[in-house]
Amino acid sequence: MASSDTTKIDALVIGAGISGLAAIKSMRDAGFDVLAVERTGDVGGLWHYKEKAYGVMKFTYINVSKHNYCFSDYPMPSELPDYVHNEDMQAYIRSYVQHFELHSHIHFLTQVNSVQKKDGVYEVVTEAVEEDSQGVITPTGKTRVYECKYLAICTGHHAKPRMPSFPGLDTFKGKAYHSVDYNDAVYNDIIEKKVVVIGVGNSAIDVACNAASVGRCKPVVLSTRSGTWVAPNYIAGYPIDHYACRLFMMLPWRVATYIVESVFCAMQGNPKKWKLNPKMHAMQTQPTVSPTVIHHIQRKEIKVVPNVQKIDGNRVVFEDGSSAEADHLILCTGYKVDLPYLPKEMKDGIIDENNNDIKLYKGVFGPDEDHTLAFIGFIQPASGGLTAMSEIQARWWAELCKGSVKLPPKPDMKESVSKELALSQSRWFKSERHTIQRDPLVYCDEIATFFGARPEFRKHPGLAWRLLLGCGGNYQYRLQGPNQWHHAEENVKKVPVTEMMLYGFVFSVGLLLWLAYCFVYFIMDHVLVDED
-1 MASSDTTKID ALVIGAGISG LAAIKSMRDA GFDVLAVERT GDVGGLWHYK EKAYGVMKFT
59 YINVSKHNYC FSDYPMPSEL PDYVHNEDMQ AYIRSYVQHF ELHSHIHFLT QVNSVQKKDG
119 VYEVVTEAVE EDSQGVITPT GKTRVYECKY LAICTGHHAK PRMPSFPGLD TFKGKAYHSV
179 DYNDAVYNDI IEKKVVVIGV GNSAIDVACN AASVGRCKPV VLSTRSGTWV APNYIAGYPI
239 DHYACRLFMM LPWRVATYIV ESVFCAMQGN PKKWKLNPKM HAMQTQPTVS PTVIHHIQRK
299 EIKVVPNVQK IDGNRVVFED GSSAEADHLI LCTGYKVDLP YLPKEMKDGI IDENNNDIKL
359 YKGVFGPDED HTLAFIGFIQ PASGGLTAMS EIQARWWAEL CKGSVKLPPK PDMKESVSKE
419 LALSQSRWFK SERHTIQRDP LVYCDEIATF FGARPEFRKH PGLAWRLLLG CGGNYQYRLQ
479 GPNQWHHAEE NVKKVPVTEM MLYGFVFSVG LLLWLAYCFV YFIMDHVLVD ED
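For the sequence shown, counting from 1, position 112 maps to 110 in this note's numbering; every step adds exactly one.
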């Protein structure tokens, strides 16, 4: 291996996806000299599409509306649709980098090999790599060392494909591969082939619908272990994530669950009708968002079956005794956290890579570490996008590094981690997918409170009803606090408030006033009768 150069810097960010870019900008805004190392030759992380690169599929659209997936001080162009294609998403990310002049802060084609902490300084050993036109990465052997006081790991939790261990999988005579290697029906040569898709998350549904429509694979067999609730992209003409507002979050869990399940059933039909058979309530999971899967199921283009029992040659046998022949077995079975460059002493007590379990204070800091090491973006939004959550984490980290706010004592952090773990286990369906899941609005409000960025109704009375009844978009976290944005208010006003929430609120207030009037009238009537 070639000799190493050494670069000394205030802060180093690993990864230049959405989370990494938020960390770069936040630390630069706080006055730090910051660099990022990125393994590929472009920004965007998973949104950086190449045929053999680790990222989105060729046909992927975001399933979160643009107001909830943009950076808080850089809206997506108004001409883009609510749900944008991955090419538009990548173009938007590049324009964000150009607008804020972040490109000079990123060292591309640089992979991290190891991280050590010595005398309060992080020593990060990297290696230069080459990337071909299809996204294949090749190490060159040329190393470089970065020394920094502050380190942010922003590579996310979609790092390593989770491969199932079905009996007989190794005997399968067709092609078996993870969804990370699926581009589209043409590239993967599945046109009119027999296809079995394992899983029922957003990626699995996207693959199954693409195979059914473009691939003309009829029927595509969709195997699910736990079932799912399918949510439409729109409800009453508004993106579904626009209904995640503060008023709704105030409702008792059972009431909110009843409302959500009733709406889903009214819009899509009972999931049992389509054999999706969810083993959890709708508010215990991240619903699968799809405008088309129900249509494919009712047209018999997708057939839903239970979990795989075993595989025998080209035949896949399911737990209900049914079976299907397959030429392609596409495993949409999720991902593991993978941080091979971190030493064991840093990972112990924080990350269980086998169970996808990450024990961090507020999803960012190890309870035995200090604020100098941050994990940005290692969290799963229950609804809405990751951008707001990663950005609020990055801004909090920057304020901690600047010294304007402080973390609580380590015993308090450990106690908080234990309580949040217990709450998460009771709140969400037990699976690897839900170990790090949070409600974005509730989470962002909590983190923003730590450094003064949570929008306060009394400071913004003209926006109060929008912030209560609408999602507010990511711009709301630039209304106040450090690095507030003078265009935040006008952009919050551009995020529509749904009629369902507005009229529902007016009806509820009217009903409460009427009940109060009836109660007072009843009391006064009886008091007057008793006095007579």
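All C-beta atoms, glycine included, are put in the ideal place defined by N, C-alpha and C. Treat the numbers as computed from the prediction; the structure is a model and nothing was measured.
Verify the CB distance criterion: does residue i have a CB-CB separation below 8 Å to chain C?
i	result
Y81	Checking the listed chains, one finds no chain C in this structure; it contains a single protein chain.
Rounded to whole angstroms, what's the CA-CA distance from residue i to residue j? Just pull it up for me.
i	j	result
L499	F427	Contrary to the premise, residue 499 reads as Met rather than Leu in this sequence. So the alpha carbons of these two residues sit roughly 27 Å apart.
M(-1)	L149	Because M(-1) carries a pLDDT of 48, less than 50, the predicted location of this residue cannot be relied on, and no value is offered for it.
L533	A396	Since the displayed the chain opens at -1 and closes at 530, residue 533 lies outside it and no answer follows.
F376	P365	15 Å
V493	H485	13 Å
L467	M247	10 Å
L249	N481	32 Å
K271	W227	12 Å
I374	C152	5 Å
S17	R393	11 Å
E36	Q109	7 Å
M25	C399	8 Å
I521	V495	38 Å
K48	N186	14 Å
Q114	I233	50 Å
Q296	P269	12 Å
D40	S320	46 Å
V178	G479	39 Å
I328	V194	6 Å
D437	S63	16 Å
I189	E454	54 Å
K116	V261	55 Å
Y90	G235	25 Å
I349	L511	51 Å
G401	Q266	50 Å
Y144	I135	21 Å
P379	M278	17 Å
Please report the Cβ distance between residue i and residue j, rounded to the nearest whole angstrom; I am assuming they are in contact, meaning their Cβ atoms lie under 8 Å.
i	j	result
P137	V122	Contact doesn't hold; Cβ gap of about 16 Å is too wide.
A324	K216	The Cβ separation is near 14 Å, so there is no contact.
D80	P237	5 Å
A386	S70	7 Å
D182	M55	6 Å
G383	N66	5 Å
C330	G197	3 Å
I445	I390	5 Å
C469	A254	With a Cβ gap of about 15 Å, C469 and A254 do not count as contacting.
N489	Y475	Incorrect: roughly 11 Å between the Cβ atoms, too far for contact.
Going by DSSP, name the residue or residues bridged to residue i.
i	result
Y535	Because the chain is modelled from -1 through 530, residue 535 falls outside the range shown and cannot be assessed.
R142	D3 and T124
C328	Before going on, a small fix: residue 328 reads as Ile here, not Cys. Beta-bridge pairing links I328 to Y175 and V195.
H105	V35
S221	I196 and V303
A28	Partner(s): none; A28 has no beta bridge.
L10	L33 and L149
Q114	E121
T286	V228
A322	V314
F69	Y72
I135	E129
R436	P379
K417	DSSP lists no partner for K417.
K308	V315
P237	Y232
query = Within the chosen definition, does the stretch 200 to 211 reach the stretch 276 to 296 through at least 3 CB pairs nearer than 8 Å?
reply = yes
inquiry  = For a minimum of 3 consecutive residues, which ranges assigned as the beta strand (DSSP E) are wholly contained in the stretch 146 to 186?
reply    = 173 to 176
Cβ contact (3+ pairs, closer than 8 Å) linking the stretch 209 to 226 and the stretch 295 to 305 = yes
query = What are the complete alpha helix (DSSP H) segments, minimum 4 residues, inside the stretch 453 to 501?
reply = 462 to 467 and 486 to 490
message = Within 8 Å, do at least three Cβ pairs link the stretch 99 to 108 to the stretch 22 to 37?
response = yes
query = Can you give, in chain order, each stretch of the alpha helix (DSSP H) that sits fully within the stretch 338 to 376 and has at least 4 residues?
reply = 342 to 345
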